[in-house]
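In short: position in the sequence shown from 1, add 282, done, that's the working numbering. Each remark here refers to the structure printed beneath this line.
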Amino acid sequence: VNVGYAIIYECVKCITRIYPDHSLLELAASNISRFISSDNHNLKYLGVTGLAQIVQVNASYATEHQMVVVDCLEDPDDTLKRKTLDLLFRMTNPQNATVVVDKLTFHMRTSVDMHLRRELVQRVTSLAERFAPNNEWYVATMNTVFELGGDLVPAATAYNLMRLVAEGTGEDETKDQEFRAFAVNTYLKLLEKPSLSDILVQVIAWVLGEYARLASVDGYSLDDIIDLLCDCMDRPFEDAATRGYIVNALMKLSGGGLKSSGVDTVIRGYRSSRLTDLQQRCYEFEQLRSTPGLMQRVLPYDASAEDLAVNSGLTFLDGFVKQKSDEGAKQYQDASTRAAAREFVPEVHVTGKMALNFTPYEAPTKPSAGAAYPSAPAG
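Encoded structure:
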């Protein structure tokens, strides 16, 4: 029997490596199902491996075996389970993406293997970005990844989600606003949880800072949202940048002239922080609050996706530069001028021939016994 299975497996490998033939691939897929449905762990492993090779040629031949492959995830053999997860990732298409992502997310929730969890985070993220049926499903899936994966999630993944919320699909502004309102309401409910990962809090703070005015959750006004963000400042965080995100959100929400005792407490408490970045943000917040007009210009509402007009010549400083020049300040020198000044070495004219002196010092003489020493000065 084992020899027969070995021959079948080698035939499957041969079929997947020659020029694709429809009838041969069908025959290989039907025969490999015997391996997967076997009670023997080794045969199951060979079956999953062989099906993965067939999927590389054409994924459609593995569709009918999808549920059998899913059942392999319940096997206690960790090696087989890893191989099955890899096969499921390769078998994913727009029709089964939600089912596969649910299975991968379940194992992310239950696994304690850090390497496997990191791999699952990458794969769920990839599948969500490629096969998301709608934006709402994508946000919900990524929130689960942020919550379970924590610091295993790369920062680029969070940026992609923020960019999606800011830009939307770009096809229908009304639907994009509805999607932003959905994101705000979702994150408001999440923020009520006492413990969240740093990267999830960063995303929540950014979204609320930009679009909190779209919130439609009962019992939450803009003042309530500000108070909730202020309460988050005292939570324990591993990433030093997380509190900076919250302060930025408070600055954006306070740009409309809102006054909050909670914000005052936060600024007073963290402007003496040992983290210079957080300290600077608090001092900038205080300065901007003293000039509400400037604060609204610096932190406009819903402008994260707008292009910035950059004055590369810094012409707005011309008046200041002229004033300082009239007062006697030195003119600015660009990098090339400063480099040329450093390379210039003035010539030094030396008279006579320069050489090393190898003549030794004269040996000291021993004073004679009757030599008189100079007397010390009186008084």
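In this text, a Cβ means the ideal position worked out from N, Cα and C, and glycines have one as well. Just so we're clear, the structure is a prediction, and the values are computed from it rather than from any experiment.
Assuming I486 and Y502 form a contact by the criterion Cβ under 8 Å, report the distance between their Cβ atoms to the nearest whole angstrom.
No, I486 and Y502 are not in contact; Cβ-Cβ is about 13 Å, not under 8 Å.
By the DSSP assignment, the alpha helix (DSSP H) with N284 in it spans what residues?
N284 to R299
Tell me whether the stretch 524-534 and the stretch 432-449 touch, counting them as touching only if at least three CB pairs, one residue from each stretch, are closer than 8 Å.
no
Segment limits, alpha helix (DSSP H) that includes P574:
P574 to V580
Reduced DSSP secondary structure (H/G/I, E/B, other) of Q452:
Residue identity check: residue 452 is Gly in the sequence provided, not Gln. Three-state result, G452: coil.
Evaluate L599 with the Cβ neighbour count: other Cβ atoms within 10 Å of its Cβ, from every protein chain shown; 16 or more gives buried, anything less gives exposed.
exposed
Only counting the same chain, and skipping five residues up and downstream in sequence, which positions put a Cβ closer than 8 Å to that of R620?
none
Measuring only the C-alpha atoms, how far is V394 from I314?
31 Å
Give me the residue from D303, T331, I508 and P302 with the minimum Cα distance to R316.
T331
In the DSSP assignment, find the unbroken alpha helix (DSSP H) run with H347 in it and report its ends.
First-last for H347: undefined, no H or E at that position.
Of the residues G544, A414 and D559, the one placed nearest D521, counting alpha carbons only
D559
Nonlocal neighbours in the same chain, by C-beta distance under 8 Å from I507, ignoring five residues either side
L470, L490, A494, A497 and L535
May I have the straight-line CA-CA distance separating G661 from Y643, to the nearest angstrom?
Any reading at G661 must be qualified, since the residue scores a pLDDT of 48, below 50, and its modelled position is unreliable; no value is offered.
Check this for me: beta carbons of S542 and D500, under 8 Å apart or not?
no
Residue range of the alpha helix (DSSP H) that includes C512:
L504 to C514
Where does L511 land, buried or exposed, given buried means 16+ other C-beta within 10 angstroms?
buried
Are the beta-carbon atoms belonging to S479 and F428 less than 8 Å from one another?
yes
What does a CB cutoff of less than 8 Å around E474 pick up in its chain, not counting 5 residues either side in sequence?
L510
Nearest-angstrom Cα separation, counted from T392 out to D384:
13 Å
By alpha-carbon positions, which one of V350, Q578 and F640 ends up nearest to L532?
Q578
Is N417 buried or exposed, if buried means 16 or more other CB atoms sit within 10 Å of its CB?
buried
Rounded to whole angstroms, what is the Cα-Cα separation between M424 and T407?
7 Å
Helix, strand or coil, according to DSSP, for R553 in the structure here?
coil
What did DSSP end up calling D616 once you bin it into helix, strand or coil?
coil
Among E453, P376 and Q459, whose alpha-carbon lies nearest the alpha-carbon of A412?
According to the sequence displayed, residue 412 carries Arg and not Ala. It is P376.
Sequence-distant residues of the same chain with beta carbon closer than 7 Å to K365, five excluded per side:
Y327, V330 and T331
For K363, tell me which candidate among S342, Y343 and L386 has the shortest Cα-Cα distance.
L386
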